[in-house]
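Report on the following structure.
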Amino acid sequence: MEIKVYIESGIIESYVLGLADPEDVLEIERLRKEYPEVQQAIDDFSIAIQEQALKNAVMPPKEIKEQLLAALSFQDPLTYKSVAPMHVAHNSNLTNENRVPSIYSSNTNWKYLAAASIMLFIVSAIGNLLLYNRYTSTKNEYAALINERNTLQANNQVFQTNLKNYQSASEMMADPSVAMVQLKDPAHKKDNMTTVFWDSKTKDVYLLTNKLPAPDKNQQYQLWALVDGKPVDAGMLDPQCTSLCKMKNIPKAQAFAITLEKVGGSPAPTMDQLFVMGTI
Amino acid sequence: MLKQREQSAFSYLYDHYSGALYSIILNIVPDKDLASDVLQEVFIKIWKQIESYDNIKGRLFTWMLNVARNASIDAVRSKGYQKQQQNRELTEHVYFAGGSTETNTDKIGLKKVVNGLKEDYKVLIILSYFEGFTQDEISKMLGIPLGTVKTRMRSALSQLKQLIR
Chain A
63 MEIKVYIESG IIESYVLGLA DPEDVLEIER LRKEYPEVQQ AIDDFSIAIQ
113 EQALKNAVMP PKEIKEQLLA ALSFQDPLTY KSVAPMHVAH NSNLTNENRV
163 PSIYSSNTNW KYLAAASIML FIVSAIGNLL LYNRYTSTKN EYAALINERN
213 TLQANNQVFQ TNLKNYQSAS EMMADPSVAM VQLKDPAHKK DNMTTVFWDS
263 KTKDVYLLTN KLPAPDKNQQ YQLWALVDGK PVDAGMLDPQ CTSLCKMKNI
313 PKAQAFAITL EKVGGSPAPT MDQLFVMGTI
Chain B
11 MLKQREQSAF SYLYDHYSGA LYSIILNIVP DKDLASDVLQ EVFIKIWKQI
61 ESYDNIKGRL FTWMLNVARN ASIDAVRSKG YQKQQQNREL TEHVYFAGGS
111 TETNTDKIGL KKVVNGLKED YKVLIILSYF EGFTQDEISK MLGIPLGTVK
161 TRMRSALSQL KQLIR
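Chains A and B, in that order, are what the protein sequence lines are.
In terms of our numbering, the first sequence opens at residue 63 and continues consecutively.
In terms of our numbering, the second sequence opens at residue 11 and continues consecutively.
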């Protein structure tokens, strides 16, 4: 009979093992209802496979069952005490006494772990906040220190420049070829005073302002050299210059004078604004 | 009480079938650690789907076996496993020139039986059952017409039945 050929064809086995095509599956599910032989063949091979598998079983690691029982959460920690003795009756004492408490403890362990991790998180958050605050204040302190250092450095440069000026001034004063001329108020009414240094070799002129009233914004002191009775411009007094100021080169002079002029100077001195004067 | 009854049922199922299923998983997933993971996954699947299992369609074990086989093939085909295998092959070739512990799993369970088949049949069963290739894919891989693959597969399964009996 044809159904016997069908059964012997190998299609039963492919169906049981899950290897059959969808069309074959439809066909066999129709035929198994129609022919008891087909159903029988399916059962026979299924049993054969099952027995072969059971005979060749490989025991998995013990802990897998424990993990599964925990994962499927059969064990509720609250019912642990009432449930435990019944398990002892079910299976061997040894495995149960070992297993049940371990599930119980693993369940509570999770709670402790969760609580501990929350605590850790809070502690770490507080720690972070404290560290952040300390970081901010340190950053501000650092910025203040940098500022202070810059100021000190700037001051230091000013002092160095001043020192150099004074050094060169004192060297110049010690030089025998340099003539020192004291300029004073010709009317002797005010104690205005400046000093002019004139190097007879290089013809360089330096001015040291000892005492002069501060000029208005639009005014500036101008140094004059009197050469054979005529005033010659010897340069403007730079308001920035606080110590020894280099003026214009003057080859020859008999006297020096300072007048107050408009900013930038004048071609001829304004005589009623004569502040100081001195002869070599 | 319900939970407790459920646990007994699960324990029964596990104690009876875990070894048989672990054996088939090892046939497909030779790495023992991964095979253990697959076994866990399989039992969770079985337990969650046991209500939808229809005993008219087939035996419980047949159904569980198919769940285990499908999960194992999925595991082997996952990207992570493929990568791990590549690395392992590299190091093994360098240090041992072949001969890994994996060959042992060919000597257990259904694969042991399949290894008793003649070469033509063995290849077909390994590729289809243990590696999960479709007949169409096998036809292309081996360069054999699809019709031939189908008839040869049927013969191979008939042979297998004889060996299992």
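Every residue gets a Cβ at the ideal spot worked out from N, C-alpha and C, and that includes glycine.
Neighbour list for A:Gly80 in chain B, Cβ cutoff strictly below 9 Å: Per Cβ cutoff of 9 Å: Thr72, Leu75, Asn76, Arg79, Asn80, Tyr139.
Nearest candidate by alpha-carbon position, reference A:Gly327, set A:Lys263, A:Leu285, A:Tyr204: Checked all of A:Lys263, A:Leu285, A:Tyr204; the closest Cα to A:Gly327 is A:Leu285.
Residues that B:Gln92 contacts on chain A, provided the C-beta gap is smaller than 9 Å: Proximity of chain A to B:Gln92 at the Cβ level (cut-off 9 Å) is not reached, the minimal Cβ distance being about 23 Å.
Any C-beta of chain B under 8 Å from that of A:Ser108: At least one chain B Cβ lies under 8 Å of A:Ser108.
Outcome for A:Thr213 when other beta-carbon atoms lying within 10 angstroms are tallied against a minimum of 16: exposed
Where B:Phe53 meets chain A, residues with beta-carbon distance less than 7 Å: Leu130
Residues bridged to A:Val338 [DSSP beta-bridge criterion]: A:Ile320
Where A:Met309 sits in the DSSP three-state scheme: coil
Partner residues on chain B for A:Glu70, Cβ-Cβ distance less than 8 Å: Ser168
Other residues of its chain near A:Asp86: CB distance less than 8 Å, five sequence neighbours each side excluded: Counting only residues of its own chain and dropping the five nearest sequence neighbours on each side, A:Asp86 has a CB closer than 8 Å to the CB of Ile73, Ser76, Tyr77.
Per-residue contacts from B:Arg69 into chain D (C-beta, under 8 Å): Of the protein chains in this structure, namely A and B, none is chain D.
7 Å Cβ shell around A:Lys265 - same chain, five flanking residues per side excluded: Asn311, Ile312, Pro313
Cβ shell of A:Lys324 (< 8 Å), same chain only, five flanking positions each side left out: Asn280, Gln281, Gln282
A:Met255 and A:Lys273 closer than 8 Å at C-beta: yes
Buried versus exposed call for A:Gln316 [16 or more other C-beta atoms within 10 Å across all chains shown]: exposed
A:Gln129 to B:Phe53 span [Cα, whole Å]: 11 Å
Validate contact between the segment 159 to 167 of chain B and the segment 94 to 104 of chain A using beta carbons, cut 8 Å, 3 pairs: Note that the segment 159 to 167 of chain B does not touch the segment 94 to 104 of chain A; fewer than 3 beta-carbon pairs, one per stretch, sit closer than 8 Å.
Simplified DSSP assignment, three categories, for A:Pro84: The answer is helix: DSSP assigns A:Pro84 an H, G or I state.
Burial state of A:Ser144, where buried means 16 or more other Cβ atoms lie within 10 Å: In this prediction, A:Ser144 has a pLDDT of 35, which is less than 50 and means its spatial position is unreliable; what the coordinates show is noted afterwards. That one is exposed.
B:Gln17 versus B:Val86 - alpha carbon distance: 30 Å
Neighbourhood of A:Gln101 by C-beta distance below 7 Å, restricted to the same chain and skipping five residues each side: If we look at A:Gln101 and ignore the five residues flanking it on each side, its Cβ neighbours are Arg94.
Within chain A, partners of B:Gly157 - CB distance below 8 Å: By Cβ distance, chain A contributes nothing, its closest Cβ being about 13 Å from B:Gly157, past 8 Å.
Test: A:Pro84 CB closer than 8 Å to a CB of chain B: no
Residue-level contact to chain A via CB, B:Gly29, 8 Å cutoff: yes
Three-way DSSP call (helix, strand, coil) for A:Val243 in this model: strand
N- and C-terminal bounds of the alpha helix (DSSP H) containing B:Asn76: 70 to 87
Under the three-state DSSP convention, the category B:Gly90 falls into: helix
Euclidean distance between Cα positions of B:Tyr27 and B:Tyr91: 26 Å
Run of the alpha helix (DSSP H) containing B:Thr158, from where it starts to where it stops: 156 to 174
A:Thr256 - partner residues in DSSP beta bridges: A:Leu245, A:Thr271
Whole-Å CB distance - A:Ala241 paired with A:Trp260, under 8 Å assumed: 5 Å
Exposed unless 16 or more other CB atoms sit within 10 angstroms - verdict on A:Met309: buried
Whole-angstrom distance between A:Ala82 and A:Tyr68, CA atom to CA atom: In this structure, the straight-line span from the alpha carbon of A:Tyr68 to that of A:Ala82 is close to 14 Å.
6 Å CB neighbourhood of B:Ile118 in its chain, flanking five on each side removed: Ser33
Neighbour flag for B:Ser33 against chain A, beta carbons, 8 Å: Cβ-Cβ to chain A under 8 Å: yes for B:Ser33.
For A:Gln281, the residue or residues it bridges with in DSSP: The beta-bridge partner set that DSSP reports for A:Gln281 consists of A:Lys324.
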